[in-house]
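Notes to accompany the following structure.
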Amino acid sequence: MMELGATSEETTSDDRFRAFVSYSHADAAIARKLHRKIENYRLPARLQGDGELTGHDQNHGRLGKIFRDREDLPAAQDLSEAVKQALTKSEALIVLCSPDAQASPWVAQEIELFRSLHPDRPILAALIRGEPAEAFPAPLLQGREPLAADLRKQGDGWRLGFLKIVAGIAGIPLDALVQRDATRRIRRVMAVTGSALIALLAMIGMTIFAIQSRNEAQHQQAEAEGLVEYMLTDLRTELKGVGRLDVMTKVNERAMDFYEGQGDLSEMPAESLERRARILHAMGEDDEKRGDLNKALAKFTEAHRVTETLLARDPENPDRIFGHAQSEYWVGRVAELKLDWVTAKSRYQSYFQGAAKLVAIDPHNPDYLMEMGWSHLNLGIVEIRPRTAKPFGREQFESAIQWMEKALEYRPGDFTIRKEIGNAYAWLADSYYLESDKTSYLNARQNELLAKQEWLESDPQNNAAKYAVAKAKYAIAAVQNSQENKASRDSLLLEAQSTMSQLLQIDLSNLEWNSMAKKIDDAIAEK
Numbered sequence: 000m001m002e003l004g005a006t007s008e009e010t011t012s013d014d015r016f017r018a019f020v021s022y023s024h025a026d027a028a029i030a031r032k033l034h035r036k037i038e039n040y041r042l043p044a045r046l047q048g049d050g051e052l053t054g055h056d057q058n059h060g061r062l063g064k065i066f067r068d069r070e071d072l073p074a075a076q077d078l079s080e081a082v083k084q085a086l087t088k089s090e091a092l093i094v095l096c097s098p099d100a101q102a103s104p105w106v107a108q109e110i111e112l113f114r115s116l117h118p119d120r121p122i123l124a125a126l127i128r129g130e131p132a133e134a135f136p137a138p139l140l141q142g143r144e145p146l147a148a149d150l151r152k153q154g155d156g157w158r159l160g161f162l163k164i165v166a167g168i169a170g171i172p173l174d175a176l177v178q179r180d181a182t183r184r185i186r187r188v189m190a191v192t193g194s195a196l197i198a199l200l201a202m203i204g205m206t207i208f209a210i211q212s213r214n215e216a217q218h219q220q221a222e223a224e225g226l227v228e229y230m231l232t233d234l235r236t237e238l239k240g241v242g243r244l245d246v247m248t249k250v251n252e253r254a255m256d257f258y259e260g261q262g263d264l265s266e267m268p269a270e271s272l273e274r275r276a277r278i279l280h281a282m283g284e285d286d287e288k289r290g291d292l293n294k295a296l297a298k299f300t301e302a303h304r305v306t307e308t309l310l311a312r313d314p315e316n317p318d319r320i321f322g323h324a325q326s327e328y329w330v331g332r333v334a335e336l337k338l339d340w341v342t343a344k345s346r347y348q349s350y351f352q353g354a355a356k357l358v359a360i361d362p363h364n365p366d367y368l369m370e371m372g373w374s375h376l377n378l379g380i381v382e383i384r385p386r387t388a389k390p391f392g393r394e395q396f397e398s399a400i401q402w403m404e405k406a407l408e409y410r411p412g413d414f415t416i417r418k419e420i421g422n423a424y425a426w427l428a429d430s431y432y433l434e435s436d437k438t439s440y441l442n443a444r445q446n447e448l449l450a451k452q453e454w455l456e457s458d459p460q461n462n463a464a465k466y467a468v469a470k471a472k473y474a475i476a477a478v479q480n481s482q483e484n485k486a487s488r489d490s491l492l493l494e495a496q497s498t499m500s501q502l503l504q505i506d507l508s509n510l511e512w513n514s515m516a517k518k519i520d521d522a523i524a525e526k
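Note that numbering that gives the first Met the number 0 has the sequence shown beginning at 0, numbered continuously upward.
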């Protein structure tokens, strides 16, 4: 645990703690963070009457006081007695597990003391560093098995792990808490979106009307563009996760309005022009998802013109190479959707050349390795979709998987990479299908489903992940035509149909979701 300081005065008998946090001094920063978040957490109103919370613990839905370290102790001369008093008044014990905690005699003593005082009260093990065998203190593994939450990125992650701890303290079902937390998350994203739009408008107004000097103008410009960068990255990722295409469009339009108000584009710095091109990429992507390819192409073409000019000015700059490679990809993507295979292949080859330059600059950069993977994937797609000759892009898809798996070695906890590996396996499966290799097809589809299920497990409320899993299940079911596979096929189709029904309630305008839902419904109707 904590190596606590001396105390001299016993805590009052009226005080009690919802939980006692035991940890090694080396983990003090994480203990402080967890302590603060638990005490500030409010249970959803619907759940405040559930579980074991009663009396003053239900103060506006808060869990109650959490004992952490010396700041919770009065000055007393008998440290052991003070700790014993705190443990006596604690309804649960949270143990932060790490190699340092395993080696700490304080943590071991506190576990033993709590278990002797309260044999029936819960002990919650929160794994924060190391593997269980090297992180769990020995007394924790004696007696009743503790409730465990894995806060590591490669485990439950902070969000789910934290909710497991809250559920254990409050004595309520984890599923109910996760569902309510997901609802809160969507509301928070919407609230942040509204605030961001208002803030952006305010930034634009200040930039145009309220700036009195050049230095002040540059400062406000930097703040406004920082907000635009947030809208293009973190906020857009959140909105994709909840499937709100309509809100993404409004965000992109507001960001573009900012640049339209800046006057002559030729006077803007290269970074601003590149960011504007990224907004055009995002807006074109949204148009493409709605099926409006002409609008999408217009935006991608304008972005291409800008990134091409920037690259010509600074041809060895990785940011300029990356930015123009994205423009090549998006123009190629529209050509692919229009079945213009010659143009699509030409653009995808240019995209591949950009990715190869990036890897040559930094062969250990996982982002650049992923660009190589995607470039092989796209070249494989323009080989398989025309269906003119074997091996139907198979070699390109296999190369894509190899590059992506290499990127995963540098970033093993990134489940979005696993998702992209799943996508590559899906295309590889299609190439096997066209070669009538059903066994290899099913193996590739199972690898796809496994990767996408891992992505969904890492972020259970991510609607894009839900769609990917439903699509993979449909693809497996589609070839299970024999009577012996009927039960498996029916189960997969019904699971996929249920998921698509939920998704369309969120965004009925998403053409891709509508198309997949219809395929699944038709397959069920045929069975």
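Built from N, CA and C at the ideal position, the CB exists for glycine as well.
Just so you know, these numbers come straight off a predicted model, no measurement behind them.
Per DSSP, what kind of secondary structure is residue i in: helix, strand or coil?
{"i": "Val333", "result": "helix"}
{"i": "Val106", "result": "helix"}
{"i": "Asn377", "result": "helix"}
{"i": "Glu237", "result": "Residue placement at Glu237 cannot be trusted, given a pLDDT of 49 that sits under 50; the coordinates are not used to answer."}
{"i": "Phe16", "result": "strand"}
{"i": "Arg128", "result": "coil"}
{"i": "Leu95", "result": "strand"}
{"i": "Ala27", "result": "helix"}
{"i": "Ala388", "result": "coil"}
{"i": "Asp521", "result": "helix"}
{"i": "Trp512", "result": "helix"}
{"i": "Leu146", "result": "strand"}
{"i": "Ile278", "result": "helix"}
{"i": "Arg61", "result": "strand"}
{"i": "Leu123", "result": "strand"}
Would you decide whether residue i is buried or exposed? Buried here means 16 or more other CB atoms lie within 10 Å of its CB.
{"i": "Pro172", "result": "exposed"}
{"i": "Arg312", "result": "exposed"}
{"i": "Pro136", "result": "buried"}
{"i": "Gln141", "result": "exposed"}
{"i": "Glu109", "result": "buried"}
{"i": "Thr306", "result": "buried"}
{"i": "Ser531", "result": "Nothing can be reported for residue 531, as the shown portion of the chain is limited to 0 through 526."}
{"i": "Ala134", "result": "buried"}
{"i": "Ser435", "result": "exposed"}
{"i": "Pro118", "result": "exposed"}
{"i": "Lys485", "result": "exposed"}
{"i": "Ile527", "result": "Any answer about residue 527 is impossible in this case: the structure gives the chain only from 0 up to 526."}
{"i": "His280", "result": "buried"}
{"i": "Leu507", "result": "exposed"}
Do residue i and residue j have their C-beta atoms within less than 7 Å of each other?
{"i": "Asp286", "j": "Lys294", "result": "yes"}
{"i": "Ala148", "j": "Asp155", "result": "yes"}
{"i": "Val165", "j": "Tyr40", "result": "yes"}
{"i": "Trp329", "j": "Phe299", "result": "yes"}
{"i": "Ser326", "j": "Ile383", "result": "no"}
{"i": "Pro121", "j": "Gly63", "result": "no"}
{"i": "Ala100", "j": "Ile65", "result": "no"}
{"i": "Glu447", "j": "Ala425", "result": "yes"}
{"i": "Ile29", "j": "Ile127", "result": "yes"}
{"i": "Phe396", "j": "Leu433", "result": "no"}
{"i": "Ala464", "j": "Asp458", "result": "yes"}
{"i": "Pro536", "j": "Gly129", "result": "In the structure as shown, the chain begins at 0 and stops at 526. Residue 536 is therefore absent and cannot be evaluated."}
{"i": "Leu338", "j": "Leu292", "result": "no"}
Would you report the Cα separation of residue i and residue j, rounded to the nearest angstrom?
{"i": "Lys472", "j": "Arg393", "result": "21 Å"}
{"i": "Asp26", "j": "Ile475", "result": "46 Å"}
{"i": "Tyr409", "j": "Pro365", "result": "6 Å"}
{"i": "Gly331", "j": "Phe414", "result": "27 Å"}
{"i": "Thr438", "j": "Gln452", "result": "21 Å"}
{"i": "Ala406", "j": "Val358", "result": "11 Å"}
{"i": "Leu123", "j": "Met499", "result": "36 Å"}
{"i": "Met371", "j": "Glu419", "result": "12 Å"}
{"i": "Leu427", "j": "Arg386", "result": "14 Å"}
{"i": "Gly290", "j": "Asn480", "result": "32 Å"}
{"i": "Arg417", "j": "Thr87", "result": "46 Å"}
{"i": "Gly412", "j": "Glu80", "result": "43 Å"}
{"i": "Ala524", "j": "Ala302", "result": "44 Å"}
{"i": "Lys517", "j": "Leu510", "result": "11 Å"}
{"i": "Glu270", "j": "Lys356", "result": "20 Å"}
{"i": "Lys36", "j": "Glu111", "result": "26 Å"}
{"i": "Ser89", "j": "Gly170", "result": "15 Å"}
{"i": "His363", "j": "Gln401", "result": "14 Å"}
{"i": "Val333", "j": "Trp157", "result": "39 Å"}
Quick test of the definition: if touching needs 3 or more C-beta pairs under 8 Å, does the stretch 478 to 498 touch the stretch 461 to 469?
yes
Counting pairs of beta carbons, one from the stretch 339 to 356 and one from the stretch 376 to 384, are three or more of them closer than 8 Å?
yes
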